[in-house]
Structure formats: structure tokens, C-alpha cells
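Okay, structure first, notes after.
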Amino acid sequence: MTTLFEALQECLQEIENGADINAALKRFPEHAAELRPLLKAAVAAQRNQAADPSPEAFRRGRAKVLQRAAELRELKSAPQKRRLPIFSRLALSFALALMFLLSGTGLLSASASALPGDRLYPVKRGWENIRLSLIFDSEARSLLKSEFENERLREVNELLTQGRSETVQFAGIFLQVNGATYVSGVRVSVPANINLPENGEAVLVAGRTNPQGFIEVVSFEILPAGTVAPIGNPIQIEIQPTLPAPQADVTYFEIQGILQSVSTTSINVNGQTVYIDAAQITGQLCIGLDVKARGYYTTDNRFIAIEVFGKEACPVAPPALNNNSNDDNAGGIENSPSNNDNNSDEEDDEDDDNDNDDD
Amino acid sequence: MNAFTHTLYLKNWALFSIMSDNPAQSEFNQLNDLNAQTVGAVYDEYFHEIYRYVLYRINDPDLAADIASDVFIRLLEAVHAKRGPTTNLKGWLIATASHIVTDHLRKKYRHPEDEIPASLPDPEPDITAQLDFREQNRNVKEALLKLTAEQQHVLSLRFGQGYSLEETAYLMNKNVNAVKALQFRALAALQREIGEVDL
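Chains as they are written, first to last, in the numbering used here: chain A, 1 to 359; chain B, 1001 to 1199.
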């Protein structure tokens, strides 16, 4: 095959020197059939030679190239920004890393008291993550985790004490009490569009500390039940009486009548609702038997009892209510003993009847 | 006067560098300064060759002029970035031209435009022979485009530019035997595309 390539080259050479195809092929009769079409193609290819560029195209290109050369010269002469060569940069970063490792404890202890927004704070959090990632014992790990959670809460309290405004995120226990909302003892202000968690739920709070000493909540994330969250400072619960306190110049009244119903907060005496939240109750409250209450009227006409006197003991089978008795006396104030006595007599009778039936 | 000596110097050096691998380092140092005289001299020296090479392969005079001047701009940028040629300036220019053309053809192949084939020079009040010749030329040009980039490259150098086998081998950075084989295959492929040629 090499000889064929050689033969082609020889023929091309001869044609270049002015021979025609037949003359060139004379030297290689054995390859003539094969080479002839190739030589013809070569001659055709040669005839195809391109023309020279127009002078205009030549000048245009020249101007373009010289323009670019000038631009590049300008770039070159402009003072270049001094940059550290790659090796120095690498060496520098190694040195820094080494310094960090060797003086690590110094830097870390410096960062230990960092608060969100401080320069060293990322170092502190980074170190915490490193410590967490190096612990494989799950118990020790969760212990360390809760230690860090406590640290978050401590940071928040510190920020609030200093009156700084920083973005924070911490976990805690939600509590709504005293008409305010808290997370692990830290006062939080929750925008109306955020649903309040249940009291006692562990939440992850994202928000901002503000100089007024509370946190503006941006979002609550309810943590799964059973999550251990730092509890924080206990909240002093102010006991807010649900009922208005008696005024100084209050007039006390006494009601006596048949006890018609009992609920946890009130009793009904002859149709009059008597609130007993703040009352001292003596004896037993037996429905259908008479009862005496001492108390006062509030401005909105509720009767608040401070003392209620019931029976010493209720009868075994409570007497059925007599509806008629309501009509007899609608909440007699300052007593109406005769009526009540009558009622109780009737009921006693009924009581007897019942006993008979049983027999 | 100065520019003239430059050109002369480059010409001598170009010949020198083609025949040997011994680099004329000082010439490249001059080019490194990117001064107008040296750049202009290089352009004047090589533009026609590069232009003809490009036109041989793409057959569009305006585009060929653009591509040819782009080759020199790439040279400047390479020199500026200290990636310029250090031994074989002409080889570098030809290789760059070849890359740009191949790139262009590939793009054109991917996004073919329905364009009218570039017209050839205005017909002269001459004979049918010229028409035949033009017809044949067009056949060759179309056929060339169907060859591989390397085959187009070798045919352009050998027959478009008329470079000798040795010169072509040097510019392609191949040995002479490889170019012999390559030109054989390229001619065979071209012949298959254009069919029997009447000469």
C-alpha cells in the first residue's frame, strides 16, 4: 500500500512540474487504473484555487487587527491588580488552617460567649456542629444537643438583656399565661396571622430580639411530641381573679331558698344564679333542699356569694324537684322563711311516699 | 523603511522556520510587544495565504475575509495571554484558520441556512468553456465539504495553497508518510464525490 501512496505522490510531483496525467502515469503502469481518477480529482482540486482577497477586504481586516493590537497593548500597560501567585495563596491558606488548629482552643474559647450577630458567632456554631458530628454515642449526643439548646436560650436572654436586635432561632416550651405568650420564660410577641401552639408544646421559634425585651416571632415550628426543649426561667404567674374584686363599700345580701341546680361555678337558688367561685361553702349542697348564701351584687347584677351554707348532710335519696315551688318565691332576698318551710314540708311528704313505694 | 525591513526579516525567518525547527526567538519577542509595525508586518505577510486557505474551504469571499482577520486577532490574543506560538507561526495561523473553519462548518451543518450559494465572479462575455469550468469548480467545492475536516485540510494545503508535501507535513505537524496516506485517501474521497472528471 505504501507503494501506492508513494506512486501517487510521485505522479503529483510530476504534474506539478508540468507533466500531464498520462505522462506521469507512465512510470507506474501497474497502478495507472487506480491512480488516474485520483490524479484527475487532484487537478480539479488544483483548478479550484481560491482568488486573492479584494484590496478592500485586505485593508478592512488589517485595520481590525491593528485596532485589536492597540487595545491589547493598552490592557497590557494598564497596571494589573497584584495577585498572589497560586502557590503563595495555597501556602497562606494552609498557614491559616494550621494556625486555626493550633490556636483552636484560644479562638474557640473566645467564641464561646459570642452572641448571634457577633463576628465569632459562626465559629461558635461551627464548633458545636463539629462536636456533634464527632460524637457517635446517641445518648451523649442528645445530651450535648440539649446543652446547645440551652445555650441558644441563654444567648437569647443575653441579647434581650443587652437590648440588641438580632435574628435568633431557639427551641422552647410555649406557654400562654397572664395574657401574654412565652417560650421557655422568654416573652414572645406573636403576630395575629400565626396560630398559637398549645400550652406546653415544644416549639422552634424563629424571630428577632427587640430592645423592649421580647421576641418578635416570625415563625413557630411545632416540634414533635417528646422533644426535649430547654425550660428556661420559671414564669411568675400573676393570679388574675376571674371575678371582679368586691368594692370597699359593698353591701352584703343574704339569699335563702331552694337549691335548684349546682354547677362548678354557680348554683341556682329559687331561680337566682349565685356565683360560688369565691365562696366559702359550709355543709353539703343538696338539690331541692334549702340553702343560704351571703354575698354582694356586682355592677352587672350578678350575685357573688362569699359564703354558702348547705345542709349538714343530704338525704339518701334526693327529693324530686317540685316545680310549683318556683312560683311561690322568686329568689327571696333578706329571707322569706315561711315559704321555704312550706316547701320543705311538702318535699318531706313526698319523701315519705317514695319510701313507701320502695317498701 | 522600518516596516519594510520588518517584513523582510519576517519573510526570511518564516522560510527559515519552515525548513527547520530552530525557533527564531527574537521575532516572537517582537510580536510579544504587539506593536503596530510587527503586527502589521505579520498580517501583510500571511493574510493572503490564510485568506486563500479559508476561501478554498468555505467558498464565501466576505466570510473568508472575516475569518482570516479573526485568525490574526486570535494570534494577538494568544500572544497577549502568553499562549502564542513559539516555533511555527505559519503553522499556528493555518491550524487556527482550520479550527475556525471547521467550527463554522459544524455550526452551519447544525443550523443549515437556506442560502443561495455564493455567486462566483461576474460572467465575462466569454465562452462555454468558462461555464464548464465554473460548474466543475462548484462541484469540487461542494464535494470538498463532504470530506472530513482533516481531508479538507490536507487538500486545501496541497492543492489550494500548492504547498509541497514537506511543507504540508510541517504545517500539519505530521510526518511525510502520514501526509502521503492522508492525501491519497482525501483524493479518493473527493473523486468518489465528484465522479468521473472530464479533463
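All residues carry an ideal CB built from backbone N, CA and C; glycine is no exception.
F220(A) is positioned such that its CB atom lies no closer than 7 angstroms to that of E201(A). Counted as a single uninterrupted DSSP element, the beta strand (DSSP E) harbouring Q169(A) occupies residues T167 to V177. Counting only residues of its own chain and dropping the five nearest sequence neighbours on each side, A171(A) has a CB closer than 6 angstroms to the CB of E149, L204 and A229. Taking all protein chains in view, the Cβ of V177(A) is surrounded by fewer than 16 other Cβ atoms within 10 Å, so the residue is classified as exposed. When only Cα atoms are considered, T264(A) and Y275(A) end up about 9 angstroms apart. Burial state of N1175(B) is exposed, judged by a 10 Å Cβ sphere holding fewer than 16 other Cβ atoms. In this chain, N270(A) is not harboured by any alpha helix (DSSP H), its DSSP state being neither H nor E. With fewer than 16 neighbouring CB atoms inside 10 Å of its own CB, P122(A) falls in the exposed class. A1143(B) is positioned such that its CB atom lies closer than 7 angstroms to that of I1194(B). K64(A) belongs to the set of residues whose beta carbon lies under 7 angstroms from a beta carbon in chain B. Judged by DSSP in its simplified three-state form, Y1046(B) adopts helix. In the DSSP assignment, L204(A) falls within the unbroken beta strand (DSSP E) covering A202 to T209. At the C-beta level, V291(A) and V269(A) come within 7 angstroms of one another. A contact between stretches requires three or more CB pairs, one per stretch, nearer than 8 angstroms, and the stretch 1045 to 1054 of chain B meets this requirement with the stretch 41 to 53 of chain A. When secondary structure is reduced to three states using DSSP, A1169(B) falls in the helix class.
For G1084(B), none of the residues of chain A pass the 7 angstroms Cβ criterion, the least Cβ distance being about 11 angstroms. By the neighbour-count criterion, in which a residue is buried when 16 or more other Cβ atoms sit within 10 angstroms of its Cβ, P224(A) is exposed. Nearest neighbour of G213(A) by Cα position, chosen from E166(A), L72(A) and Y252(A), turns out to be E166(A). Interface annotation, P37(A): in contact with chain B, CB-CB separation under 7 angstroms.
Shown here for F28(A): same chain residues with a beta carbon closer than 6 angstroms to its own, the five before and five after excluded, namely A7 in chain order.
Around the beta carbon of Y1163(B), a 10 Å sphere encloses 16 or more other beta carbons of the protein chains shown; the residue is thus reported as buried. Of the residues E1167(B), E1045(B), S1156(B) and Y1170(B), the one whose Cα lies closest to the Cα of A1186(B) is S1156(B).
Nearest CB-CB separation between L1034(B) and chain A: below the 7 angstroms threshold. L259(A) is bridged by DSSP to V269(A). Looking at the backbone, the Cα of A1078(B) and that of V65(A) are separated by about 13 angstroms.
Residues F174, L175, Q176 and V177 of the same chain have their beta carbon placed closer than 8 angstroms to that of N199(A), with the five preceding and five following residues left out of the count.
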